[in-house]
Each structure stands twice: as structure tokens, then as C-alpha cells.
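**Student:**
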Amino acid sequence: MSLPSILLIGMAMSTDAFAAALGKGAAMQRPRLPDALRAGLTFGVIEGLTPLLGWLAGVAAARYIKAWDHWIAFGVLALLGLHMVWHGIRPDEADIPPRHRGFWGMALLALGTSIDAMAVGVSLAFLEVNIALVALVIGLCTLVMVTTGILLGRVLGAVTGKRAELLGGLVMIGIGAAILYEHLGGAA
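Under our numbering, the residue at position 63 of the sequence shown is numbered 61, and the numbers go up by one with no gaps.
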């Protein structure tokens, strides 16, 4: 997998965390840089670990489904992308996270936004990819996006977060289609 694809995955995986951070930043009273960095670090570590867990599960199952791996990768990425697009376009104010206080509330919110990264890890187990690099990029992108999202939250609010999630979903669908095209083109 190329570095631009890895960066796109990192950015796409961090958009839902960015949307949550915008909502959290909007709910906070004048978020400060140390608060934003603490939230970014919490989200980044959790978002970086979950693709590793997914990858381990995928590696365990890989030998059983090797002939279909590119279809599985495409299906998982396309479904995640469609889910992100759906959340990006539906007008549901219940998606705006409630005000969380403390580490555990932040960690639960981070875990909730990182389930898709675990599924991406599963799909990456079927491809030639350096999972440590992918996990690091996802974690770093999330750190930056959440820190920025917290600080921008008061100004931009949840509307921008919805658009970021929509864009991230479209990127995931595009990456899934590119994987499928590459494997089908290579097989011909």
C-alpha cells in the first residue's frame, strides 16, 4: 500500500473523531490547548491501537478466506464509508456527543469513534501493508484532528463535523474501490 493511501486512511479514520471533537469543543467553555492536546492524545492512542487489534483478528482468519480477501476489504471499507456518509448527511442532533468529564468519558468516546479503525485493521490483514505504520499514521492523524477539532469546536460547531465525516466516508469508499480494482486488474 502506498504512502498516499496510508495517509488517506489516516485522515478518513480521524474524521469521526474530529466530528466528535468539534461537538465536545462546542460544549466546553473556552477549551485551552492543554485540554485539547490531552483529548487528542487519548483519541490518538486508542484510534492507533484499534487497527492493530483488528489486524490481529484478520491475520488469524486470513488463511481461510485468502481467495476472497480483496472482496472482503472492499466490502468492509465500502460499508464503513457508507455508514460515515449516512452519519454525515442525516440531520440528527443526537449525534452531538454529550459533555464528558474526565479521562474515562473521553476514552469511551474515543473507543466509540475507533470501531471503524478496528474494522479497517481486519481488512488490511488481507493486504501487503505495514500495519505498524498504518496504525501510527491513524493515531497521529487522530491526535492532530481531535486537538484541532476541540479548539475549533466553539467556532465551527457540529455542522462542519458532519461534512468532515461525509468526506471521510467518501474517501473510504474510494480506497475500497481502488483495492478491488488493483486486485481484479492484477488477476487479469
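Backbone N, C-alpha and C fix where the C-beta goes; we use that ideal spot for every residue, glycine too.
From Trp69 to Pro32, what does the alpha carbon distance come to, in whole angstroms?
**Tutor:** 43 Å
**Student:** Closest to Gly174 by C-alpha separation, out of Cys139, Phe124 and Ala133, would be which residue?
**Tutor:** Phe124
**Student:** In three-state terms, what does DSSP make of Ala123?
**Tutor:** coil
**Student:** With distances taken Cα to Cα, identify the nearest neighbour of Met11 among Gly110, Leu150 and Leu54.
**Tutor:** Gly110
**Student:** Note down the Cα distance separating Ala76 from Leu131, rounded to an integer number of angstroms.
**Tutor:** 22 Å
**Student:** Any chance the stretch 44 to 51 sits against the stretch 112 to 128, with 3 or more Cβ pairs inside 8 Å?
**Tutor:** Flag = yes, the stretch 44 to 51 and the stretch 112 to 128 touch.
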